[in-house]
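**Student:**
Residue numbers (this note's numbering): 194 to 266.
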């Protein structure tokens, strides 16, 4: 039996926004002083993170799926 994992609202929002390639909605999931480390680079603050989001969407085709687990509970 496959069981859907209940995610925190912010994670669900991030997944939905990412799958829609909605830059502003993705960005809203980050705090003003957030730091992203990706591909050996660091992006600090919303302005830099927005640039990272745009470049990531341009560079990669991706679609997140919510995690599931196997089991009887």
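From the three backbone atoms N, C-alpha and C, an ideal C-beta is built for every residue, glycine too.
1. Tell me, please, which residues DSSP counts as bridged to residue 236.
2. Considering residue 211, what are the terminal residues of the alpha helix (DSSP H) in which it resides?
3. On a Cα-Cα basis, can you pick out the residue from 206, 216, 207 and 209 that is closest to residue 244?
4. What separation, rounded to the nearest whole angstrom, lies between the Cα atoms of residue 253 and residue 226?
5. What are the boundary residues of the alpha helix (DSSP H) that residue 290 is part of?
6. Report the residue from 260, 249, 240 and 263 whose alpha carbon sits nearest the alpha carbon of residue 232.
7. On the criterion of 16 or more Cβ atoms from any shown chain inside 10 Å, does residue 255 qualify as buried, or is it exposed?
**Tutor:** Walking through what the data contain:
1. As a beta-bridge residue in DSSP terms, residue 236 pairs with 229.
2. 202-212
3. 216
4. 25 Å
5. Residue 290 is absent from the structure shown; the chain starts at 194 and stops at 266.
6. 249
7. exposed
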